[in-house]
Amino acid sequence: MENQPFLVAEQVSYIFPDGQFHVLEDISLTINAGDFVALLGPSGVGKSTLLRLLGGLLKPTSGRISMADLPESSATDPIGVVFQRDNLMPWRTVTENVQLPLELQRQADQESRYRVQEMIELVGLAGFEGSYPAQLSGGMAQRVAIARALVHRPALLLLDEPFGSLDALTRERMGQELLRIWHALPVTVFMVTHSITEAVMLADEVLVMGGRPAVGDPAALIHRVPIGLPRPRQLEIQGTRSFQKCAKEIRSAIQV
Ligand SMILES: Nc1ncnc2c1ncn2[C@@H]1O[C@H](COP(=O)(O)OP(=O)(O)OP(=O)(O)O)[C@@H](O)[C@H]1O
Ligand SMILES: [Mg+2]
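Below, the structure written as structure tokens:
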């Protein structure tokens, strides 16, 4: 399925209907099936808004977003989302949080119980099934949120700064974990991040967004950097010239 367009946005603009606040202007992008795409840009530029549009949580004011037809075996809801904060339900255990999407889809059979356990193991939380969110570290809570977003086997995983609240070392480790999970599953990933290093480390392609919607200059995609670094990628790759070159290109695009 590689190199097939999976999610396509064509000339998408978005104006928040309440205040007539024009956030996004003429955004076009194509995400190929199985790719890992990262989106970078200054705070308030409209990254979360674009992610919500791609996930169908908002409707474009103009333009079109379309997703390729999925095989008949695929999930009822083809998208999984991890929001800027983990959004776990504090009164539910790890297992109960992860199985929530399946409950909402009224799947509570043996097969779905097996799948919940499989996801908990995939994100490295075996042994913590009965713990409550308050008993987990920030990194563990984010793993639960990722397991919950993946449990119904979505074709597209949308991540909005999933590691934003974590310390640098945990964040680095979570990035590696995410790569392992992505390799293990047939899933396309679109991830918003503030970290240039993280974007280069993880993605096949980095999109940079610019503009200042707050002063009447709606955001647009201003730069696109393909990351041709070999996979699998270990942390040591950050010391290489080609890694630095990608990071530099992104940094100068952001400063425009
Ligand atoms: N519901 C809303 N109604 C009106 N304006 C909004 C709404 N939500 C967000 N905005 C505005 O839209 C702009 C883009 O917001 P968005 O959350 O997409 O930015 P962002 O790039 O994700 O920022 P950050 O990096 O801080 O998360 C901001 O200026 C914000 O004030
Ligand atoms: Mg945001």
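626 is the number of the first residue of the sequence shown in the working numbering; add one for each residue after it.
Quick reminder that beta carbons are idealized off the backbone N, C-alpha and C, glycines included.
In this text the structure is predicted, and so the values were computed from the model without any measurement.
**Message:** Can you determine whether any heavy atom of ligand 2 sits closer than 8 angstroms to the C-beta of Glu786, and answer yes or no?
**Reply:** Short note on Glu786: C-beta closer than 8 angstroms to some heavy atom of ligand 2.
Distance cut-off 8 angstroms: Lys672 Cβ against heavy atoms of ligand 2
Within the chosen limit of 8 angstroms, ligand 2 reaches the beta carbon of Lys672 through at least one heavy atom.
Query raised in the report: Are the beta-carbon atoms of Phe661 and Thr813 separated by less than 9 angstroms?
Result: Taking 9 angstroms as the Cβ cut-off, Phe661 and Thr813 qualify as a contacting pair.
Quick one: grab the DSSP three-state call for Gly800. Residue state, collapsed to three classes: helix.
Val831 and Leu665 look like a contact to me (Cβ under 8 angstroms); what is the Cβ gap, rounded to whole Å? Yes, Val831 and Leu665 are in contact; Cβ-Cβ is about 6 angstroms, under 8 angstroms.
*asked:* Can you confirm whether the segment 680–696 touches the segment 709–721 when touching is taken to mean that 3 or more C-beta pairs between the two stretches lie within less than 8 angstroms?
replied: At 8 angstroms Cβ cutoff, the stretches do not touch.
**Message:** For a test of your reading of the model: does the CB of Leu709 fall under 8 angstroms from any non-hydrogen atom of ligand 2? Yes or no.
**Reply:** The sequence shown places Gln at residue 709, not Leu. Taking 8 angstroms as the cut-off, the C-beta of Gln709 counts as close to a heavy atom of ligand 2.
- prompt: Can you tell me whether DSSP reads Thr813 as helix, strand or coil?
  reply: Strand, per DSSP.
| How many Å lie between Ser756 and His808 at the Cα? | In a straight line, the C-alpha of Ser756 is about 27 angstroms away from that of His808.
Between Gly853, Gly789, Leu679, Ile806, which lies nearest to Leu783 when the distance is taken from Cα to Cα?
Ranking Gly853, Gly789, Leu679, Ile806 by Cα distance to Leu783 puts Leu679 first.
task = Check whether the Cβ of Val817 lies closer than 8 angstroms to any heavy atom of ligand 2, and answer yes or no.
result = At least one heavy atom of ligand 2 is nearer than 8 angstroms to the Cβ of Val817, so yes.
Exercise. State whether the segment 762–781 contacts the segment 791–800, with contact taken as three or more CB pairs (one from each stretch) at a distance under 8 angstroms.
Key: Short answer: they touch.
Query raised in the report: Exposed or buried, what is Thr818 when buried is set at 16 or more other beta-carbons lying within 10 Å of its beta-carbon?
Result: That one is buried.
Arg876 to His848 span [Cα, whole Å]:
The C-alpha of His848 is placed about 11 angstroms away from the C-alpha of Arg876.
*Can you give me the start and stop residues for the beta strand (DSSP E) that Met834 sits inside?*
Following the DSSP letters along the chain, one finds Met834 inside the beta strand (DSSP E) bounded by residues 830–837.
Next on the checklist: Is the separation between the beta-carbon of Leu810 and that of Leu775 shorter than 9 angstroms?
Outcome noted: Their beta carbons are under 9 angstroms apart, which means Leu810 touches Leu775 by this criterion.
*Minimum C-alpha distance to Leu860 - residue among Val825, Ile852, Pro838*: With distances taken between Cα atoms, Leu860 lies closest to Val825.
Unbroken beta strand (DSSP E) run spanning Asp845, endpoints: First, the amino acid is wrong: residue 845 is Ala here, not Asp. Boundaries of the beta strand (DSSP E) harbouring Ala845: 842–851, taken from the DSSP string.
Residue span of the beta strand (DSSP E) that contains Arg689, given as start and end: Its beta strand (DSSP E) spans residues 687–692.
For ligand 1, any of its heavy atoms closer than 8 angstroms to the Cβ of Ser638?
-> No, since every heavy atom of ligand 1 falls outside the 8 angstroms radius drawn around the Cβ of Ser638.
>> Looking only at its chain, what residues have a beta carbon closer than 8 angstroms to the beta carbon of Ile690, apart from the 5 residues adjacent to it on each side?
In response: Closer than 8 angstroms at Cβ, skipping near neighbours: Leu632, Val633, Ala634, Glu635, Val637, Leu678, Leu679, Gly681.
Checklist entry - What are the residues that DSSP puts in a beta bridge with Ile704? => result Beta-bridge partners assigned by DSSP to Ile704: Leu781.
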